[in-house]
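Quick note on numbering: the numbering used here labels position 448 of the sequence shown as 451, and the sequence is numbered without any gaps. Glycine residues also receive a C-beta, built at the ideal position from the N, C-alpha and C atoms. Some notes on the structure that comes next.
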Amino acid sequence: MRKILIALILSILLSGRAEALSLLTVTTAQASPLANITNNEIILEFPETATFRATFTDDVNITSVVLEYGNEQQTCGEVIAKAFPQFTPGKTVNAEWTWEMRQSGSLPPGATLWWRWRIMDANGKETVSETKTATWLDDVHDWRTMNNGDFLRLHWYEGDQIFAIDLAKAAYNGLQFNETQSGLKAEAPIDVYVYASTDDLKDAILYEPSWTGGRAFPDQDIVILGISESDLDWGRDAIVHELTHVLVGHLTFSCLGDVPTWLNEGLAVYSEGELDTPSQRQLEDAIRDDTLLSVRSLSGSFSEVSDKAYLSYSQSYSITKFLIETYGQDKMTALLLALRDGMTIDDALIQTYGFNIEGLEDTWRQAIGAQPRSVFARPTMQATPTYVPTIIPVSGAPLAQQSTPTVIPTSSFDSTPATEIPARTSPPLGLSLILIGICCVMLSLIGVLILGVVVSRQNRTEGENG
Ligand SMILES: [Zn+2]
Numbered sequence: 004m005r006k007i008l009i010a011l012i013l014s015i016l017l018s019g020r021a022e023a024l025s026l027l028t029v030t031t032a033q034a035s036p037l038a039n040i041t042n043n044e045i046i047l048e049f050p051e052t053a054t055f056r057a058t059f060t061d062d063v064n065i066t067s068v069v070l071e072y073g074n075e076q077q078t079c080g081e082v083i084a085k086a087f088p089q090f091t092p093g094k095t096v097n098a099e100w101t102w103e104m105r106q107s108g109s110l111p112p113g114a115t116l117w118w119r120w121r122i123m124d125a126n127g128k129e130t131v132s133e134t135k136t137a138t139w140l141d142d143v144h145d146w147r148t149m150n151n152g153d154f155l156r157l158h159w160y161e162g163d164q165i166f167a168i169d170l171a172k173a174a175y176n177g178l179q180f181n182e183t184q185s186g187l188k189a190e191a192p193i194d195v196y197v198y199a200s201t202d203d204l205k206d207a208i209l210y211e212p213s214w215t216g217g218r219a220f221p222d223q224d225i226v227i228l229g230i231s232e233s234d235l236d237w238g239r240d241a242i243v244h245e246l247t248h249v250l251v252g253h254l255t256f257s258c259l260g261d262v263p264t265w266l267n268e269g270l271a272v273y274s275e276g277e278l279d280t281p282s283q284r285q286l287e288d289a290i291r292d293d294t295l296l297s298v299r300s301l302s303g304s305f306s307e308v309s310d311k312a313y314l315s316y317s318q319s320y321s322i323t324k325f326l327i328e329t330y331g332q333d334k335m336t337a338l339l340l341a342l343r344d345g346m347t348i349d350d351a352l353i354q355t356y357g358f359n360i361e362g363l364e365d366t367w368r369q370a371i372g373a374q375p376r377s378v379f380a381r382p383t384m385q386a387t388p389t390y391v392p393t394i395i396p397v398s399g400a401p402l403a404q405q406s407t408p409t410v411i412p413t414s415s416f417d418s419t420p421a422t423e424i425p426a427r428t429s430p431p432l433g434l435s436l437i438l439i440g441i442c443c444v445m446l447s448l449i450g451v452l453i454l455g456v457v458v459s460r461q462n463r464t465e466g467e468n469g
């Protein structure tokens, strides 16, 4: 049930091509008079490359040119990427260096790039240029921007204003719902880029993993989606879903913690409102047939198998709804903060609710009228986890991403499944299990050999004695 939320005042800021190349803004200035820096610019070939260029002049030969660059985002450490462009030493130097996104990993549309030059002359004097920034976005589309409240900037290029207002309202309501119901509050403006289609969205990113509908980049407060005018119903939910991932990512950002998938997706689906009818029916069937997935198995990547993928989302929704509506949003916030601070999900659950994952599953099953958890029947891990290629950002830490499969939540329940979910950087669990298995087998063999030797010696001794 969607709650009717506060009436909106939309402040509409329409600006054609608001984010194009011309939007290069200078943020700080710390130029030294030592050397003169001119033609300091960036040329974007979206989504492939960003080329940095500048001309330096000095009274003596310039001997070193270093480009420091990156994109603005939450990171675990202060690692600054450096590039060393080739140049001919002299009193006037032209330097150029190209950031190849295919090598470094794609950045989300709307990301803020920054750069500065650090040059050294033959006298050992260093000059650091001003730091400049630019928005990483295509200039193919005629982007317009609409603000709604302090925390939402919707960017779109196709469809009329009514289309954009519709989505901006849905997004705003989603933020309100998250704040009042789940305790998730926006702390910085979130930029939502609405592409006119899935194809346009794919053109804007270099990688094409198994998701197609949308993606959240919590570290950069960016959401990208492909929503056509005929897909508004899905679009409204998807936008809220992805915004929720940004909020969760923000609240839990740290270099320690990890939010289990069932909780992250559960909060996202919960923010959309009630489950759609097919998902609800599938969940009810699973309860009736006792085919629910174990909660622990939903902590990692969701299944690639269509039915299981849908059930994973529906179950995550049900578990999260149960936690929020039974124990309150304060406890949900406490749980998320415990995860942020590096607690395991079991410890965080115990500290907050007094039960671990299995305890949660038992309590939840009872609450929804499901059979008691079978201790032995269900595997704790799924057979075919999906690993999404991880985008490696310049500054070191992997980008946190969450995706919405095109078909969730939607009426087209039978279409091709939605897969994937969070990016993982640790080695695949399957590999670890295989290695552990091999170790066990080796140890067993050694044990058998030792036992054999001992027994045969004993036999020999007994024979000698007897
Ligand atoms: Zn999601």
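Go ahead and pull the three-state DSSP assignment for residue i.
i, result
"Asp194", "strand"
"Tyr72", "strand"
"Thr366", "helix"
"Gly269", "helix"
"Gly345", "coil"
"Ser67", "strand"
"Leu228", "strand"
"Arg147", "strand"
"Gly216", "coil"
"Glu361", "helix"
"Glu99", "strand"
"Thr264", "helix"
"Ala373", "coil"
"Thr355", "helix"
"Gly252", "helix"
"Val243", "helix"
"Gly93", "strand"
"Ala380", "Unreliable placement is indicated for Ala380, whose pLDDT of 49 sits below 50; no coordinate value is reported for it."
Please determine, among the options, the residue with the shortest C-alpha to C-alpha distance to residue i.
i, options, result
"Met335", "Asn267, Trp100 and Leu204", "Asn267"
"Phe154", "Lys135, Asn181, Thr134 and Thr136", "Asn181"
"Thr247", "Gly217, Val262, Leu178 and Gly229", "Leu178"
"Tyr320", "Leu270, Thr95 and Ile208", "Leu270"
"Glu161", "Val143, Asn151, Gly345 and Asn150", "Val143"
"Tyr72", "Val131, Leu340 and Gln164", "Val131"
"Val298", "Ala341, Arg368, His253 and Ser257", "Arg368"
"Trp139", "Ile322, Lys324 and Leu47", "Leu47"
"Phe49", "Thr148, Met149, Leu187 and Leu209", "Leu209"
I'd like the list of long-range same chain contacts for residue i, defined as Cβ closer than 6 Å, with 5 residues on each side in sequence excluded.
i, result
"Phe55", "Ile45, Leu70, Trp100 and Trp118"
"Met123", "Thr66, Ser67 and Glu129"
"Val63", "Asp124, Ala125 and Asn126"
"Ile437", "Any reading at Ile437 must be qualified, since the residue scores a pLDDT of 44, below 50, and its modelled position is unreliable; the value itself is stated next. Contacts found: none."
"Ile230", "Val197 and Gly238"
"His158", "Trp146, Thr148 and Tyr196"
Can you list, in chain order, the residues of its chain with a C-beta nearer than 7 Å to that of residue i? Leave out the 5 residues immediately preceding and following it.
i, result
"Thr60", "Ala38, Asn39, Lys94 and Thr95"
"Ser315", "Leu296, Leu301, Phe305 and Ser306"
"Ile83", "Glu71 and Gly73"
"Asn285", "The displayed chain sequence assigns Gln, not Asn, to residue 285. Excluding positions up to five away in sequence, the list reads Tyr313, Leu314 and Ser317."
"Pro92", "Asn64, Ile65 and Thr66"
Output needed for residue i: all residues of its chain with C-beta closer than 8 Å, excluding positions within five of it in sequence on either side, in chain order.
i, result
"Leu338", "Leu266, Leu326, Ala351, Leu352, Thr355 and Tyr356"
"Leu340", "Leu254 and Thr255"
"Arg376", "Ser297, Glu361, Glu364, Asp365 and Arg368"
Is the Cβ of residue i closer than 8 Å to any Cβ of chain B?
i, result
"Ile122", "Of the protein chains in this structure there is only one, and it is not chain B."
Contained alpha helix (DSSP H) runs [length at least 4] in the segment 279–342, N- to C-terminal order: 280–292 and 309–330
Segments assigned alpha helix (DSSP H), at least 4 residues, entirely inside the segment 104–128: 104–107
Sufficient close CB pairs (3 or more, under 8 Å) joining the segment 230–250 to the segment 167–179: yes
Inter-stretch contact (C-beta, 8 Å, three-pair minimum) for the segment 304–311 and the segment 352–361: no
Residue ranges of each beta strand (DSSP E) within the segment 150–205, 3 or longer: 155–159 and 193–198
Segment contact, 8 Å Cβ cut-off, at least three pairs: the segment 194–209 with the segment 79–97: no
Contiguous alpha helix (DSSP H) assignments of at least 4 residues, all confined to the segment 36–61: none
The segment 222–235 / the segment 105–119 touching (three or more Cβ pairs under 8 Å): yes
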